[in-house]
Amino acid sequence: MTRVLILVSGLVAALLQASAVHAEPFARIRGVDDDALRERLYAVIGDQTSTPAGPREASDRAVTAADRVTRALRSEGYYAARVETVQNDNPLRPTIRVRTGALYGFSTITLDFPNLTRAPARTAAEEAFTLQSGDPVSAEAVILAERNVVTVLQERGYPDARALDREIIVDHAVETATGAFQFDAGAFARFGALRIAPESALRASVIARLAPFEQGEPVTRSEIGEYTSRLRALPGVASAAVTLGEPTGAESRAIVIDVEAGPRHVLELGAGYSTSDGPGIEGELTRNNLYRGAETLTLSARLAQIDSVAGIRLDIPHWRQYAQTLTFNLQAEAERTDAYDRDAITTSVGLTRELSPQLAVSLGLLAETARIDEAATTLATHSGALNLVAGSLGVVWDTRDDALDPHDGYRLEGVVEPALLLDTGVATFYKGVVRASAYHSFGDRWVLAGRAALGTILNADAAEIPADRRFYAGGGGSARGFDFQALSPVGPTGAPFGGVSLLELSGELRWRYSPRLGFAGFVDAAAAGGNPDPDFSALRAGIGAGIRYYTGFGPVRLDVATPLDRRDGETPVQIYISIGQSF
26 MTRVLILVSG
36 LVAALLQASA
46 VHAEPFARIR
56 GVDDDALRER
66 LYAVIGDQTS
76 TPAGPREASD
86 RAVTAADRVT
96 RALRSEGYYA
106 ARVETVQNDN
116 PLRPTIRVRT
126 GALYGFSTIT
136 LDFPNLTRAP
146 ARTAAEEAFT
156 LQSGDPVSAE
166 AVILAERNVV
176 TVLQERGYPD
186 ARALDREIIV
196 DHAVETATGA
206 FQFDAGAFAR
216 FGALRIAPES
226 ALRASVIARL
236 APFEQGEPVT
246 RSEIGEYTSR
256 LRALPGVASA
266 AVTLGEPTGA
276 ESRAIVIDVE
286 AGPRHVLELG
296 AGYSTSDGPG
306 IEGELTRNNL
316 YRGAETLTLS
326 ARLAQIDSVA
336 GIRLDIPHWR
346 QYAQTLTFNL
356 QAEAERTDAY
366 DRDAITTSVG
376 LTRELSPQLA
386 VSLGLLAETA
396 RIDEAATTLA
406 THSGALNLVA
416 GSLGVVWDTR
426 DDALDPHDGY
436 RLEGVVEPAL
446 LLDTGVATFY
456 KGVVRASAYH
466 SFGDRWVLAG
476 RAALGTILNA
486 DAAEIPADRR
496 FYAGGGGSAR
506 GFDFQALSPV
516 GPTGAPFGGV
526 SLLELSGELR
536 WRYSPRLGFA
546 GFVDAAAAGG
556 NPDPDFSALR
566 AGIGAGIRYY
576 TGFGPVRLDV
586 ATPLDRRDGE
596 TPVQIYISIG
606 QSF
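Count along the sequence shown starting at 1, add 25, and that's the number in this note's numbering.
Dropping the structure here:
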């Protein structure tokens, strides 16, 4: 593992050094001692894309830079600033000299709300105005203060609030300014009845269930925006609009809703290949908005060397209440691995509850009947015709910015599965898995990604657990560079047998070379063990590099990997082709 860390550190250092660039500013600035102000001014004038063709062009660039800096200084409150072009030892390097002068501040500020009669709303609006006497006359600060006032009013029942013309008078004699700000609050309003367009794609009861407010509550713009987002996020919805009806003289305002249906049927196809897992193709046909309740019925199939699956799934979003999804699933599966052959029919039901945009919990129940034939072994195991019932309790905390190609954030997932095996008798075991991945971007082109997984099975030895429920390690979804299941405990005949613990670690450095092309370097390590406690000493690692071709739906990935400590009989190079990042 020490060699792994050394290799990864060297790769990171080399790539970061190769990415270092030093841009030449459009013009040089003299006379500004304030480091923060100087950096802001350089940001305003920007960087040059080419060297001036001659002294004349350099002089023109200096004039342009002086104009930009003058306007920028005035916007920050330097109304007496003087900016001039100067000669430089290098005639091709545009240079300007800046004398900022005094920073003008507000001497007095007055706020006027001519039609705002509710005292609490007026007090809140006045407190939201962030400018005070003595503050710099900054255009950005003025706009922000006005926006804060409008936002507060729109969140307190005044959806039509707006800022009127402001009056700022600069007095150069005393180097200060006076500011007078006026706001039109508009009429106070409460949420009224829903007015749903007759041709809306969804049933009225479904639309009403998604409302984040109750009728009679004061109108808030944020809740209107949230309502719109909820409707637009539904599967099978192309667009949704939530607007306020015109004022009628009373406080109540109708909520006008129009939802347009998207494509009724969606077909998705995918394919992948690896030298360890073999080729595979898969497809999904989804029927959206099955009963005008945003339900989705999905027919799926996968044909692969290791496992082939055919299934049907029904998802009912926002079942009985918002952010709660009920799922029914039925599938037939055939697995052909070095460890076992399995043919199974599985049915399951699950309920997922989103507690926040990042946090979700799930509860599930599964029933399975299967035929499992293990590789030749002298051990007495649970094989042949088996029936199993399992529950699941899971939690996911996900802050990633993109599920297919994350740049920042992390994802934590934990699942506990108590299982009841019905064979010649009744046996129970408990399976738990914790997975974590984290992402950190450096600028626009670099992403450092890491992944870890820990798993354990309690209350049973490996031989007492069906072969497909044991842990296996190695292969494209575990540790690249090794054959599928190759990093697992083996049986008496040398075939993979599986274990009761799992440990996986991965690190990847991704470089976006261009909008379409990227590269990656990675290290994967994994081990499945025969004891419930993960065995760090059993870890074996593979290292590799890959190419990413970025499409509109996610990157197409080509990875090449090799074991770091290759042993006799192991394939020296493994190749993986798939869609989406490895994790």
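Note that the Cβ used here is the ideal one computed from N, Cα and C, for glycine as well. Model, not experiment: these values are computed from the prediction.
Inter-residue spacing [alpha-carbon to alpha-carbon] between Asp549 and Leu564: Whole-angstrom Cα-Cα distance: 10 Å.
Range of the contiguous beta strand (DSSP E) that encloses Gly419: Where Gly419 is concerned, the enclosing beta strand (DSSP E) stretches over 409 to 423.
Bridge partner(s) assigned by DSSP for Pro580: Per DSSP, Tyr575.
Ser562 - DSSP class collapsed to helix/strand/coil: Three-state result, Ser562: helix.
Given Ser75 as reference, the closest of Ala68, Tyr67, Ala52, Asp58 once Cα atoms are compared: Per the Cα distances, Ala52.
Rounded separation between Ala369 and Asp558 - CA only: One C-alpha to the other measures close to 29 Å.
Glu248, DSSP secondary structure in three states: Note: Glu248 maps to helix in three-state DSSP.
Pro304 - containing beta strand (DSSP E), residue span: For Pro304, the enclosing beta strand (DSSP E) stretches over residues 303 to 313.
For Arg278 and His237, the rounded distance between their alpha carbons: Note that residue 237 is Pro in the sequence shown here, rather than His. Near 16 Å, if we compare the C-alpha coordinates of Arg278 and Pro237.
Cβ separation of Tyr464 and Arg505, assumed to be a contact under 8 Å, to the nearest whole Å: That belief does not hold up - the Cβ atoms of Tyr464 and Arg505 are roughly 18 Å apart, past 8 Å.
Other residues of its chain near Leu315: CB distance less than 8 Å, five sequence neighbours each side excluded: Excluding positions up to five away in sequence, the list reads Thr321, Leu322, Leu339.
Spatially closest choice to Thr377 from Gln356, Trp344, Arg361, by CA coordinates: For Thr377, the nearest C-alpha among the options comes from Trp344.
From Asp209, Ala198, Leu473, Gly450, residue whose alpha carbon lies closest to that of Asp433: Taking Asp433 as reference, the option from Asp209, Ala198, Leu473, Gly450 with the minimal CA-CA separation is Leu473.
Segment contact flag, the region 179 to 199 with the region 254 to 262, C-beta cutoff 8 Å, min 3 pairs: Taking 8 Å as the limit for Cβ pairs, the verdict is that the region 254 to 262 does not touch the region 179 to 199.
Endpoints, the alpha helix (DSSP H) within which Gln179 is located: Its alpha helix (DSSP H) spans residues 164 to 179.
Residue ranges of each beta strand (DSSP E) within the region 419 to 482, 3 or longer: You should have 434 to 447, 451 to 467.
Asp85 in three-state terms, based on DSSP: Judged by DSSP in its simplified three-state form, Asp85 adopts helix.
Other residues of its chain near Ala511: CB distance less than 6 Å, five sequence neighbours each side excluded: These residues qualify, in order along the chain: Gly499.
Residues near Ala258 by beta carbon distance below 6 Å, same chain, minus five either side: Non-local beta-carbon contacts of Ala258 in its own chain, meaning distances under 6 Å to residues more than five positions away in sequence, are absent.
heavy atom of the ligand NAD below 7 Å from Gln207 C-beta: Judged by which ligands are present, the structure shown has none, so any question about the ligand NAD falls away.
Nearest-angstrom Cα separation, counted from Thr135 out to Gly159: The alpha-carbon atoms of Gly159 and Thr135 are separated by roughly 13 Å.
Nearest-angstrom Cβ-Cβ length linking Ser299 and Phe507, presumed shorter than 8 Å: Not confirmed; about 11 Å, so no contact.
Completely contained beta strand (DSSP E) runs for the region 235 to 304, where each covers 3 or more residues: The region 235 to 304 contains these whole beta strand (DSSP E) runs: 262 to 269, 277 to 286, 290 to 299.
Supposed close pair Phe509, Val515 - CB separation, criterion 8 Å: Going by Cβ atoms, the distance from Phe509 to Val515 rounds to 14 Å, so no, they are not a contact pair.
Host beta strand (DSSP E) of Arg65 (start-end): Element bounds for Arg65: not the beta strand (DSSP E) but the alpha helix (DSSP H), 60 to 70.
Alpha-carbon to alpha-carbon, Gly524 and Gln179: Computed Cα separation, rounded: 59 Å.
Ala553 vs Leu583 beta-carbon contact at 8 Å: No, the Cβ-Cβ distance between Ala553 and Leu583 is not below 8 Å.
Ala364, buried or exposed, once every other Cβ within 10 Å from all chains shown has been counted against 16: Ala364 comes out buried.
Close beta carbons around Gly71, own chain, < 7 Å, minus the five adjacent residues each side: Listed in chain order, the non-local C-beta contacts of Gly71 below 7 Å within the same chain comprise Phe51, local neighbours out to five positions each way being set aside.
Helix, strand or coil at Ser225 according to DSSP, with G and I counted as helix: It is coil, neither helix nor strand.
Range covered by the alpha helix (DSSP H) that runs through Arg118: Element bounds for Arg118: n/a, residue is neither H nor E.
DSSP three-state assignment for Leu128, whether helix, strand or coil: Reduced to three states, the DSSP call for Leu128 is coil.
For Leu384, the nearest candidate out of Asn354, Ser417, Glu438, Ala428 (CA to CA): Checking every option, the nearest Cα to that of Leu384 belongs to Glu438.
Local conformation of Ser100 per DSSP, three classes: Here DSSP, grouped into helix, strand and coil, assigns Ser100 to helix.
Assigned exposure category for Val46 - 16 Cβ within 10 Å defines buried: In this predicted model, Val46 has a pLDDT of only 38, less than 50, meaning its place in the structure is not dependable; the value taken from the coordinates is given anyway. It counts as exposed.
Assigned secondary structure, Thr148 (DSSP; H/G/I helix, E/B strand, else coil): DSSP places Thr148 in helix when its eight states are reduced to three.
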